[in-house]
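Q: Residue numbers (the numbering used here): -15 to 176.
Yeah, the Cβ is synthetic: ideal placement off N, Cα and C, and Gly gets one too.
All figures in this text were calculated on a predicted structure; none of them were measured in a lab.
If you want it as structure tokens, here you go:
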């Protein structure tokens, strides 16, 4: 009888794919949550640390293609709804087109939080606010209702990075925003 991996969330905003042979004592779960695809490996045999790996786009594409192959098999006994949700999440993640996330963003204060790391405030229509955290290793962001506290920034997916790039290019060309946003634009271009 298969054993569930430790601490696998129950479909709480994440599409989950689990691979385990019926008698195996090991397995793999690939999940999507907060803009990141991860792969976790586990073992129910001798103590082995739970391994968690953040997947890069080629890995996400490979898993998505494997799931798509599984979906064409009729009568396989699988619940296809979470698998289709996973494929949809992967397709959106892999879509190289700019999203519209930063289309109407207004850029506020920005400051260097640590050497080479900048944190900037952004406002959106409808009383939404957000922050963008950028460095030469990653660009993350979060958005929330204005009166609520800020959430934890998560890495921006490619479509959102491209939206940020277009929006910052336009805002910097128009003038009136802090020139430190130019550094955030450089980080976003490198991350995209």
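For residue 118 and residue 23, what's the separation of their Cα atoms in angstroms?
A: 25 Å
Q: Could you give the uninterrupted runs of the alpha helix (DSSP H) lying entirely in the segment 36 to 65, keeping only those of 4 residues or more?
A: 41 to 55
Q: Buried or exposed: which applies to residue 167, given that a residue is buried once 16 or more other Cβ atoms fall within 10 Å of its Cβ?
A: buried
Q: If you draw a straight line from the alpha carbon of residue 158 to that of residue 169, how long is it in whole angstroms?
A: Looking at the two C-alpha atoms, the distance is approximately 15 Å.
Q: From the DSSP output, which residues share a beta bridge with residue 91?
A: 106
Q: Would you check if the segment 67 to 74 and the segment 131 to 140 touch, i.e. whether three or more CB-CB distances between them fall below 8 Å?
A: no
Q: With distance defined between alpha-carbon atoms, name the residue in 58, 91 and 74 nearest to residue 15.
A: 74
Q: Look at residue 25 and residue 89 and say whether their C-beta atoms are less than 8 Å apart.
A: no
Q: So what does residue 112 bridge to, in DSSP terms?
A: 108 and 129
Q: Between which two residues does the alpha helix (DSSP H) harbouring residue 171 extend?
A: 165 to 175
Q: The beta strand (DSSP E) that contains residue 136, what's its start and end?
A: Neither: residue 136 is in no beta strand (DSSP E) and is coded neither H nor E.
Q: How many Å lie between residue 54 and residue 81 at the Cα?
A: Straight-line Cα distance between these residues: approximately 27 Å.
Q: I believe residue 95 touches residue 86 by the beta-carbon criterion, under 8 Å. Please report the beta-carbon distance rounded to the nearest angstrom.
A: The Cβ separation is near 19 Å, so there is no contact.
Q: Starting from the C-beta of residue 37, find all residues in its chain whose C-beta is less than 6 Å away, skip the five residues before and the five after it, and write them out in chain order.
A: 23
Q: Less than 8 Å between C-beta atoms, sequence neighbours within five positions excluded: which residues of the same chain meet that for residue 147?
A: 82, 83, 84, 85, 86 and 87
Q: Where residue 18 and residue 138 are concerned, what is the direct C-alpha to C-alpha distance, given to the nearest angstrom?
A: 7 Å
Q: By the 10 Å Cβ neighbour count, where 16 or more other Cβ atoms means buried, how is residue 143 classified, buried or exposed?
A: Label assigned to residue 143: buried.
Q: Beta-carbon within less than 6 Å of residue 155's beta-carbon, same chain only, minus the 5 sequence neighbours each way: which residues are those?
A: 91 and 161
Q: DSSP state of residue 20, grouped into three classes?
A: Here residue 20 sits in strand by DSSP.
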